[in-house]
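A.B. asks: I have a structure here, written as structure tokens, and I will follow up with some questions on it.
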Amino acid sequence: MKTEFIALTAPDLMLASLLVLALIGLGARLRLGVSRTLTIAAIRTTVQLLLVGLILEAVFTQAKLPWIMLIVLVMMTVAAWEILARQKRKLKGWWGFGVSAFSLFISSFFITLLALFIVIKADPWYTPQYAIPLLGMLLGNTMNGIALGMDRLVQTAWQQRAVIEQRLMLGQKDTEAIRDIARDSMRAGMIPIINAMAAAGVVSLPGMMTGQILAGSPPVEAVKYQILIMFLVTSGTGFAVITVLQLITRRMFDSRERLRFDRLLREPR
Amino acid sequence: MLRLEDLKIPDVEPVNLTITPGECIGLSGESGSGKTRLLRAIADMDEHGGQVYEEDIAQGLVKAHEWRRRVMLLPAESQWWFDSVDQHFSARAEHIEALGFEQDVMGWNISRCSSGEKQRLSILRMMANCPRVLLLDEPTANLDASNVARVEDMIRNYLSKHHAIAIWVGHDAAQLQRVSQRQYHLGEGRLMKVGEA
Chain V
0 MKTEFIALTA
10 PDLMLASLLV
20 LALIGLGARL
30 RLGVSRTLTI
40 AAIRTTVQLL
50 LVGLILEAVF
60 TQAKLPWIML
70 IVLVMMTVAA
80 WEILARQKRK
90 LKGWWGFGVS
100 AFSLFISSFF
110 ITLLALFIVI
120 KADPWYTPQY
130 AIPLLGMLLG
140 NTMNGIALGM
150 DRLVQTAWQQ
160 RAVIEQRLML
170 GQKDTEAIRD
180 IARDSMRAGM
190 IPIINAMAAA
200 GVVSLPGMMT
210 GQILAGSPPV
220 EAVKYQILIM
230 FLVTSGTGFA
240 VITVLQLITR
250 RMFDSRERLR
260 FDRLLREPR
Chain L
0 MLRLEDLKIP
10 DVEPVNLTIT
20 PGECIGLSGE
30 SGSGKTRLLR
40 AIADMDEHGG
50 QVYEEDIAQG
60 LVKAHEWRRR
70 VMLLPAESQW
80 WFDSVDQHFS
90 ARAEHIEALG
100 FEQDVMGWNI
110 SRCSSGEKQR
120 LSILRMMANC
130 PRVLLLDEPT
140 ANLDASNVAR
150 VEDMIRNYLS
160 KHHAIAIWVG
170 HDAAQLQRVS
180 QRQYHLGEGR
190 LMKVGEA
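Protein sequence lines correspond, in order, to chains V and L. Residues in the first sequence are numbered consecutively from 0, following numbering that gives the first Met the number 0. Residues in the second sequence are numbered consecutively from 0, following numbering that gives the first Met the number 0.
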């Protein structure tokens, strides 16, 4: 497939970096206050991506399962941690981490496995060239969905705790009293991916497909992969958000259907 | 019959109290003395020690939401989460006229209701569930004199007609005399009967 692949050289990248440098210079001259962060971010992206490139190249040539599992573990831990870092109301330490990690695990991890075994059927199944980018794309999207849905649920429930208690006082079940908020949180978690699906190909060309086309794949082949990814990512995000909402609402109410933020949040009031 | 057995809430000595069908108990006490917490414990909204029985059924033996449907708490400040009044009702509202409303009140928009109207509507909403025990936390705090009288009459009629029970929390001693058969005072960490040393 890689017939028309044009490799980039260091001068090519330097040329592109001149653009960023120009932007940094202009920002400094106009005192817009972005130059510093921009410089740091540009350096970070270069170093991080080069490092990852080196690691992936090593792993791809080795293709040893333990190494791949290690990378998977690191990716999932960072993703779970990132979810917690994005919450306005901090969940209780290990419990919050456990919820994020568990939801990532049962969605991203299993769906990646499913795709590897049933759809792609690479040999061996853990061929890193497929496994790692696939997992990465799933993790990145489910992470976003979980972070958004969780934040919306906890934040709204906290703000509307008087309403939730009023509904409980009127004899509603706990699941009923939180239903509107849960529904809203589900939507919040799913909207980015739903938008991405709706706009794909019309408003935006998805990154992965663009990459494959740039690397010389025939567009229709790239599109097929993109559709596969979209479906995997959507279902992964959906299942993950549902899992997280279930776990958190269960934690939010005790066995007597009382609202219990003291079980959920780090600073009970 | 409602029976509180060694009911424990923070900073208050265990409470023992039996209320017979049709009876209303008046409960006064300074703010912070635990009146609201006592009502919340009876409705099982907070963790608490001791036991509460309604018709000899222990609180813990019924599902919490079923308990609260029978033993219903009217909070001092009512909450509304939908746009129109009727969306908040789980059953047909009765007593609409008794509380000084017309039938069209059910179509009202919540945002145009005054605090007094919301308070009366929240009583209607509670009564639509036909609770066996009414836990009323300052139910007439935002009302003018004529509406206070309406609420008092309506609750009194409901209790005698359905042999229901009420605990009425309020600051107005004269009102508690009017609506209840026995008055209690919560203070200094104890529940005491008013009129006894």
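Using N, Cα and C, we set each Cβ at its ideal position, and we do this for glycine too.
Shorter than 8 Å from the beta carbon of V162 of chain V to some beta carbon of chain L?
C.D. replies: Output row for V162 of chain V: interface = yes.
A.B. asks: Candidates L:Y183, L:S113, L:E65 and L:G33: which alpha carbon is nearest I8 of chain L's?
C.D. replies: Selected option, being the one with the closest Cα: L:G33.
A.B. asks: Helix or strand or just coil, what does DSSP make of S110 of chain L?
C.D. replies: Three-state result, S110 of chain L: helix.
A.B. asks: Thinking G49 of chain L and E4 of chain L are a contact (beta carbons under 8 Å), I'd like their distance in whole angstroms, please.
C.D. replies: That belief holds up - the Cβ atoms of G49 of chain L and E4 of chain L are roughly 6 Å apart, short of 8 Å.
A.B. asks: What's the gap between the Cα of R39 of chain L and the Cα of D45 of chain L?
C.D. replies: So the two alpha carbons sit approximately 6 Å from each other.
A.B. asks: G25 of chain L bridges to which residues according to DSSP?
C.D. replies: Beta-bridge pairing links G25 of chain L to L:W167 and L:Q182.
A.B. asks: Taking 8 Å as the threshold (beta carbon to beta carbon), is Q154 of chain V in contact with chain L?
C.D. replies: With 8 Å as the cut-off, Q154 of chain V does not count as an interface residue toward chain L.
A.B. asks: Could you check whether the Cβ of T248 of chain V sits closer than 8 Å to any Cβ belonging to chain L?
C.D. replies: No, T248 of chain V does not count as interfacial toward chain L.
A.B. asks: What residue from V:E56, V:F101 and V:N194 has the CA that sits closest to A239 of chain V's CA?
C.D. replies: Among V:E56, V:F101 and V:N194, the Cα nearest to that of A239 of chain V belongs to V:F101.
A.B. asks: Ordered along the chain, which non-local residues of its own chain (more than five positions away) have a Cβ less than 8 Å from that of W66 of chain L?
C.D. replies: Within the same chain, W66 of chain L has close Cβ partners A42, D43, E53 and Q58.
A.B. asks: Within a Cβ cutoff of 7 Å, which residues of the same chain sit near S77 of chain L, ignoring the five residues on either side of it in sequence?
C.D. replies: Only K117, Q118 and S121 meet the Cβ criterion.
A.B. asks: Would you verify that the beta carbon of L167 of chain V is, or is not, closer than 8 Å to some beta carbon of chain L?
C.D. replies: Output row for L167 of chain V: interface = yes.
A.B. asks: Where does E164 of chain V fall in DSSP's three states?
C.D. replies: Looking at E164 of chain V - three-state DSSP - the assignment turns out to be helix.
A.B. asks: Just verifying my parser: in three-state terms, what is the DSSP assignment at Y129 of chain V?
C.D. replies: Of the three classes helix, strand and coil, the one that applies to Y129 of chain V here is helix, per DSSP.
A.B. asks: When DSSP labels each residue in this structure, what does P13 of chain L get in the three-state scheme?
C.D. replies: Residue state, collapsed to three classes: coil.
A.B. asks: Using the Cα positions of A172 of chain L and V178 of chain L, report the straight-line distance between them to the nearest angstrom.
C.D. replies: Using only the alpha carbons, I get a separation of about 10 Å.
A.B. asks: Give a yes or no on contact between the region 80-100 of chain V and the region 24-39 of chain V, applying the rule of three or more CB pairs nearer than 8 Å.
C.D. replies: At 8 Å Cβ cutoff, the stretches do not touch.
A.B. asks: I need the boundaries of the alpha helix (DSSP H) containing Q78 of chain L, first residue and last residue.
C.D. replies: Counting along the chain, Q78 of chain L falls outside any alpha helix (DSSP H), and DSSP gives it neither H nor E.
A.B. asks: By the DSSP assignment, the beta strand (DSSP E) with V33 of chain V in it spans what residues?
C.D. replies: Careful: V33 of chain V lies outside any beta strand (DSSP E) and carries neither H nor E.
A.B. asks: Can you pull the DSSP bridge partners for V70 of chain L?
C.D. replies: Looking at the DSSP assignment, V70 of chain L forms a beta bridge with L:V132.
A.B. asks: Would you please state the rounded distance, in angstroms, between the beta carbons of G21 of chain L and S159 of chain L? I believe it to be under 8 Å.
C.D. replies: Sure, about 6 Å apart at Cβ, within 8 Å.
A.B. asks: Flag I128 of chain L as yes if its beta-carbon sits less than 8 Å from any beta-carbon of chain V, otherwise no.
C.D. replies: Note that residue 128 of chain L is Asn in the sequence shown here, rather than Ile. Yes, N128 of chain L counts as interfacial toward chain V.
A.B. asks: Keeping to the same chain, check which residues put their C-beta closer than 8 Å to that of R182 of chain V; ignore five residues upstream and five downstream.
C.D. replies: Here the set comprises nothing.
A.B. asks: Am I right that L180 of chain V and T155 of chain V are in contact with their C-beta atoms under 8 Å? What's the rounded C-beta distance?
C.D. replies: The displayed chain sequence assigns Ile, not Leu, to residue 180 of chain V. That pair is a contact at about 5 Å.
A.B. asks: Can you tell which of L:G194, L:K192, L:E187 and L:V193 has its C-alpha closest to the C-alpha of D207 of chain L?
C.D. replies: Absent from the model: residue 207 of chain L. The displayed extent of chain L is 0 to 196, so no value can be given.
A.B. asks: List the residues that DSSP assigns as beta-bridge partners of A57 of chain L.
C.D. replies: BP columns for A57 of chain L point to L:Y52.
A.B. asks: Specify whether the region 72-79 of chain V and the region 210-221 of chain V touch according to this definition: at least 3 beta carbon pairs, one from each stretch, less than 8 Å apart.
C.D. replies: The region 72-79 of chain V is not in contact with the region 210-221 of chain V.
A.B. asks: When you check each C-beta in the region 23-54 of chain L against every C-beta of chain V, which residues fall closer than 8 Å?
C.D. replies: Against chain V - using a Cβ distance shorter than 8 Å - the residues of the region 23-54 of chain L are A42, D43, M44, D45 and E46.
A.B. asks: Identify every residue that forms a DSSP beta bridge with S83 of chain L.
C.D. replies: The partner list for S83 of chain L (beta bridge, DSSP) reads L:N108.
A.B. asks: If you check the beta carbons only, do I228 of chain V and M149 of chain V fall under 8 Å apart?
C.D. replies: Cβ distance not < 8 Å, so I228 of chain V and M149 of chain V don't count as in contact.
A.B. asks: Let me check one thing: in DSSP terms, what residues is L3 of chain L bridge-paired to?
C.D. replies: Beta-bridge pairing links L3 of chain L to L:L16 and L:V51.
A.B. asks: Mind pulling the chain V residues with CB within less than 9 Å of R67 of chain L?
C.D. replies: Under the 9 Å cutoff, chain V gives L167, M168, L169, G170, Q171 and E256.
A.B. asks: Taking 8 Å as the cut-off, does the region 165-174 of chain V touch the region 193-200 of chain V (at least 3 CB pairs, one atom from each stretch)?
C.D. replies: Segments in contact, no.
A.B. asks: Less than 8 Å separating the beta-carbons of A75 of chain L and A140 of chain L?
C.D. replies: Contact flag set, yes.
A.B. asks: With a threshold of 16 other CB atoms inside 10 Å of the CB of D261 of chain V, please say whether the residue is buried or exposed.
C.D. replies: Burial call: exposed.
A.B. asks: Compare the C-beta of A63 of chain L against all C-beta atoms of chain V and say whether one is closer than 8 Å.
C.D. replies: Chain V, which has a Cβ nearer than 8 Å to the Cβ of A63 of chain L, makes this yes.
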